[in-house]
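Colleague: Adding 84 to a residue's 1-based position in the sequence shown gives its number in the numbering used here.
Backbone N, C-alpha and C define an ideal beta-carbon position, used for all residues, glycine too.
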Amino acid sequence: MGAKVNATGELVELKFHTQAYRDMAPTELAAAITEVVNKARSQMAERVSKAYSPFMPDVTSAEEVMSGELDPLKLLDRLGIPSENPRH
Numbered sequence: 085m086g087a088k089v090n091a092t093g094e095l096v097e098l099k100f101h102t103q104a105y106r107d108m109a110p111t112e113l114a115a116a117i118t119e120v121v122n123k124a125r126s127q128m129a130e131r132v133s134k135a136y137s138p139f140m141p142d143v144t145s146a147e148e149v150m151s152g153e154l155d156p157l158k159l160l161d162r163l164g165i166p167s168e169n170p171r172h
């Protein structure tokens with residue numbers, strides 16, 4: 085079984101290389117599909133991260149941006165740029 089995802093992690097292709105999936109229990113098939121899709125997403129995220137790393141400021145990482153963990157206000161603070169924090 086193989087999966088292909090695009091740069092945003094969206095599944096674009098799922099292939100079954102054999103007919104073995106026909107003999108799998110539904111939960112076993114679901115687990116196998118989930119595993120192969122997650123592996124494809126992880127590999128693509130790593131490729132995208134490596135591609136964008138040279139363009140990221142030293143104070144953040146592509147992984148932080150891609151995972152959604154980047155806090156723009158904290159980034160500005162790390163860059164030494166004062167920001168008006170509406171939360172304070």
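Using a Cβ-Cβ cut-off of 7 Å (strictly less than) and excluding sequence neighbours within five positions of Phe-216, which residues of its own chain qualify?
Modeller: Residue 216 lies beyond the stretch modelled for the chain, which goes from 85 to 172, so this question has no answer here.
Colleague: Using the three-state DSSP reduction, which class does Ala-146 fall into: helix, strand or coil?
Modeller: What you label residue 146 is simply residue 62 of the sequence shown in a count that begins at 1. Reduced to three states, the DSSP call for Ala-146 is helix.
Colleague: Measuring CA to CA, which of Met-108, Gly-164, Ala-129 is closest to Met-89?
Modeller: To locate residue 89, count along the sequence shown from 1; it is residue 5. The amino acid at residue 89 is misidentified as Met; the sequence shows Val. Measuring from the Cα of Val-89, the nearest candidate turns out to be Ala-129.
Colleague: Looking at the strands, I want to know which residues DSSP matches up with Val-89.
Modeller: Here the question's residue 89 lines up with position 5 in the sequence shown. Partner residues in the beta bridge of Val-89, as assigned by DSSP, are Leu-95.
Colleague: By Cβ distance, which residues of its chain are closer than 8 Å to Ala-116, with the 5 residues on each side in sequence left out?
Modeller: Indexing the sequence shown from 1 puts residue 116 at position 32. Contacts found: Met-85, Tyr-105, Met-108.
Colleague: Closest to Ser-126 by C-alpha separation, out of Pro-156, Leu-113, Met-150, would be which residue?
Modeller: Taking the first residue of the sequence shown as position 1, residue 126 is located at position 42. The candidate whose alpha carbon is nearest that of Ser-126 is Met-150.
Colleague: Whole-angstrom Cβ separation of Ala-87 and Glu-94, contact assumed at under 8 Å?
Modeller: Numbered from 1 along the sequence shown, position 3 holds the residue referred to as residue 87. Numbered from 1 along the sequence shown, position 10 holds the residue referred to as residue 94. About 11 Å; that fails the 8 Å criterion.
Colleague: Rounded to the nearest angstrom, what separates Leu-157 and Pro-110 at their Cα positions?
Modeller: If you number the sequence shown from 1, residue 157 lands on position 73. If you number the sequence shown from 1, residue 110 lands on position 26. Each residue's CA atom was taken as its position, placing Leu-157 and Pro-110 some 46 Å apart.
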